[in-house]
Structures are given as C-alpha cells and as structure tokens.
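Per the working numbering, the sequence shown starts with residue -18, numbered consecutively. Backbone N, C-alpha and C define an ideal beta-carbon position, used for all residues, glycine too.
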Amino acid sequence: MPILERLNQVREESKILEIDDSSRIILFSDCHRGDYGWADDFAKNQPVFLHALSYYFNENYTYIEMGDGDELWKNRNFDDIFRAHRRVFELMSRFYFEDRLFMLFGNHDIERSNPNYVRSTLDSFLDERTGLQRPLFPGIVVHPGLILRHTPSQRDLFLVHGHQGDLLADVIWPVGRFFVRAFWRNLQLYGLNDPTSAAKNFTIAKRVDKRLIHWSRENHHMIVGAHTHRPRFPSLQEAPYFNTGSVVSPFSISGIEIRYGQIAMVHWNIRADLGGSLRIVRDVVQGPQPLQAWKL
C-alpha cells in the first residue's frame, strides 16, 4: 500500500482524544527500553527519563508514548525489559490507573499491534518479591495512531510513529527484526550502526521527514511523528509536521509538550551548576506557539 494511503488509513482508524486549554500533554517516543545490557540504548538516560516523567506525573500531564517504547527487536522477552526498568513501568502504571497514559506502537514494538500479545505481556506482571501477579496496564489498547482534537480551535493533531508504509519497518518487519537480532545487535558492540534504521541512517530519516511533510501539505493537517530520532519543530511558514525526537540521545531526551492550547519542544539535560553538582534540567527549546498559529 502506498505510504500516503497507509497514513490515511491509520488516521481514519485513530481514536480521537478531545483536549482543551486546560489539558496538559507530554509526547515522548523511541525510548527503546532494553535489558540494561550493552545494547540497551535507553539505560544511560533512564535517570533523566524517570525524573522527567515524575515531573509530568506531579504536574498532572497525560503521557502519550508514540512508539518504540520497548526494544522488542533486540530482546525476545519483555520480562527482561520489565525487570531492568521496573521503576519506569511502575510510574507509567500510575499514569494508566489515573487514565493519563496512551501508547502507540512503532516498528520496534510492532508486536503490540496484536491485542493477544499486548494482553499477555502488559496486563500484569509477576512480583518476584511476593510471587503474585500484579496489575500493570490491564486492558490497555496500543494504538497505531491517535488524534488530539483541540476543541476551542477545532484543530486536529494526528499522532503516528511514522514507520507506516515503509517496506522493511511496516510490511516485512519480521525480516528487519531478524537482521537486528542476528547481526546488528552484536555489531553494535563494535560501534557499527544499522544502515536500515531511520535513526542511524540520515538518508532514510530524511526520506521519512519528506513523506510526512508531503502528507501534512496534501491533507491540510497537523501531524506529529517520531521514528527518525530527529526533533523537528516547524516555523509558521512550513508545513505543520513535528517530530518528538527520542529518549536515547547522549545525556538528553526530547519531547513535545502541549499546554494552554500551545505546543512546544522541550529537552531534558544533565547540567553542572557552579558548584560542580549535576542537575537534571528542563529547557524549552522551541515554542510555545498556539496550535492554530499554523495555516493549513
């Protein structure tokens, strides 16, 4: 199926979440949580992410994770990922039980397009301290896309991971997963990058951006993607295609906040103060701009 047609299909099937100027939303993507081994790209930023997510929980934000939250291509067993990052999942579970968590699937967790897989892995977990099953995300639905509808302006913001329509990432993804597990996971130890990955291959990332920009223009629609790991916040003269970036950049994470009917790009970084102490700080790097500021 052509890529633009595939994106239209996802949009038509997407759940609509109505928001207003009192809504607070944080969008993160591409956490790629692993097993805390040498191939776990998330491990180095776990403290930054946990601090940021705690901030958003306390500030009453809704957390939307836009795909590739867990690295299921490198890791066969989700239980290993859960044990490595249990504190993160327990905090996400608190969001969920307050109806403040939504999840999309990407290509590296595309198994979650299968409701049976979601139910068997995310409904509950075994508490090794008690030997009992405890609820994690019981009944959660992992979406291919979501639409945020800002009711005061009637602007729709289409959220999608961005791999849709790509041959290796979406159509024959088991082949891509095989190569990651069999080759690139091991070669990563020697500093070699996966040339098939949009996050590691600039040419592929640029192609993804170009497709999403084209879709935005053709459909006169605001869209937030992920997948490329490259943050994007358009000027008011550009097509309204945004990209969250990722959580696996060296010593920093990027995301998109929506608050007071405005959208902004934020970075969370580790920074030394004058006394030499390291602190985790939040920087607004672009925006905020009203959602209706872009012409469609």
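Counting C-beta pairs closer than 8 Å gives fewer than three between the stretch 47 to 65 and the stretch 248 to 266, which falls short of the contact rule. In this structure the stretch 217 to 228 lies against the stretch 11 to 27, because at least three pairs of beta carbons, one per stretch, are closer than 8 Å.
For ARG115, the closest alpha carbon among the candidates PHE63, ASN250, ARG(-8) and PHE223 is that of PHE63. DSSP places ARG100 inside the alpha helix (DSSP H), whose first and last residues are 96 to 103. Listed in chain order, the non-local C-beta contacts of LEU272 below 8 Å within the same chain comprise HIS131, SER134, ARG136, LEU138, MET203, ILE239, GLY242, GLN243 and ILE244, local neighbours out to five positions each way being set aside.
Among the bridge pairs identified by DSSP, PHE9 is matched with GLU46. Within the DSSP bridge table, the entry for ILE244 names ILE239 and GLN270 as partners.
Boundaries of the beta strand (DSSP E) harbouring ASP137: 136 to 141, taken from the DSSP string. DSSP, reduced to helix, strand and coil, places PHE223 within a strand of the structure shown. Here DSSP, grouped into helix, strand and coil, assigns GLN27 to helix. Restricting attention to SER105, PHE214 and TRP249, the CA atom closest to the CA of GLN270 is found in PHE214. When the five nearest sequence neighbours on each side are left out, the beta carbons in the same chain lying within less than 8 Å of the beta carbon of ASP1 are those of HIS131, THR132, PRO133 and GLY242, in order along the chain.
Bounds of the alpha helix (DSSP H) holding GLN(-10) are -16 to -6.
When GLU219, GLY236 and TRP249 are compared, the shortest CA-CA separation from HIS210 is found for GLY236. Taken in chain order, the whole alpha helix (DSSP H) runs of length 4 or more contained in the stretch 32 to 86 are 59 to 65 and 67 to 78.
A straight line joining the alpha-carbon of MET73 with that of ILE45 spans about 10 Å. Counting other Cβ atoms within 10 Å of its Cβ, PHE232 stays below 16 and is therefore classed as exposed. The C-beta distance from GLU199 to LEU(-15) rounds to 7 Å, short enough to meet the 8 Å contact threshold. In this structure, the beta-carbon distance from MET47 to ALA207 falls below 7 Å.
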